[in-house]
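Enquirer: In this note's numbering, the protein residues as written are 7 to 121. Ideal Cβ placement from N, Cα and C applies to all residues, glycine included. My questions will all concern the structure given below.
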């Protein structure tokens with residue numbers, strides 16, 4: 007499983023540290039995630055059957071993460087998107103829907119409240 011952008015505040019309980027690679031470059035997050043036993047990298051390595059992209063506030067970074075995940079996954083693989091409403095997940099999903107449908111199916115796009 008590939009997680010792009012998950013940080014120390016992200017709920018990782020559903021993810022097995024031995025089966026999950028997290029792409030993260032923010033040092034405090036890297037330290038915390040490594041302490042919990044996750045494989046943390048700045049660039050993904052290996053093959054993945056599924057990915058979860060955590061959408062940040064930056065539109066450019068969000069698009070880059072989505073494109074990177076899409077390029078790394080085989081055709082038909084599950085690609086999930088998660089993000090906060092306050093970071094603009096709803097408009098991002100609306101704008102990205104055509105791109106995502108053309109590449110693979112997106113499963114369970116969610117929007118978490120910031121409260």
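Under the rule that 16 or more other beta-carbon atoms within 10 Å means buried, what is residue 116, buried or exposed?
Expert: By one-based count along the chain shown, residue 116 stands at place 110. Residue placement at residue 116 is flagged as unreliable, the pLDDT there being 46, under the threshold of 50; a coordinate-derived value is accordingly withheld.
Enquirer: By alpha-carbon positions, which one of 43, 61, 45 ends up nearest to residue 86?
Expert: As a working note, residue 86 is residue 80 in the chain shown. Looking from the CA of residue 86, the closest CA among 43, 61, 45 belongs to 61.
Enquirer: Tell me, please, which residues DSSP counts as bridged to residue 27.
Expert: Along the chain shown, one-based indexing puts residue 27 at 21. Partner(s): 8, 45.
Enquirer: Leaving out five residues before and five after residue 113 in sequence, what residues of the same chain have Cβ atoms less than 6 Å from its Cβ?
Expert: The residue given as residue 113 occupies position 107 in the chain shown. Bear in mind that the predicted position of residue 113 carries a pLDDT of just 47, short of 50, making it unreliable; the figure below should be weighed with that in mind. Correct list, in chain order: 84, 86.
Enquirer: Measuring straight from C-alpha to C-alpha, what distance separates residue 14 and residue 97?
Expert: For this step, residue 14 is matched to residue 8 along the chain shown. For this step, residue 97 is matched to residue 91 along the chain shown. About 25 Å.
Enquirer: Given a cut-off of 9 Å, decide if residue 26 and residue 10 are closer than it, judged by their beta-carbon atoms.
Expert: Position 4 of the chain shown, counted from the start, is the residue given in the question as residue 10. Position 20 of the chain shown, counted from the start, is the residue given in the question as residue 26. Against a cut-off of 9 Å, the Cβ pair of residue 26 and residue 10 comes out as no contact.
Enquirer: Are residue 47 and residue 29 closer than 9 Å when you measure CB to CB?
Expert: The residue given as residue 47 occupies position 41 in the chain shown. The residue given as residue 29 occupies position 23 in the chain shown. Yes, the Cβ-Cβ distance between residue 47 and residue 29 is below 9 Å.
Enquirer: Mapping the DSSP letters down to three states, classify residue 66 as helix, strand or coil.
Expert: In the chain shown, counting from the first residue as 1, residue 66 sits at position 60. Helix, per DSSP.
Enquirer: Classify residue 88 as helix, strand or coil using the three-state DSSP reduction.
Expert: The residue labelled residue 88 in the question sits at position 82 within the chain shown. Secondary structure at residue 88: strand, using DSSP grouped into helix, strand and coil.
Enquirer: With distances taken Cα to Cα, identify the nearest neighbour of residue 36 among 20, 53, 54, 16.
Expert: Looking up residue 36 in the chain shown gives position 30. Minimum Cα distance to residue 36 is reached at 16.
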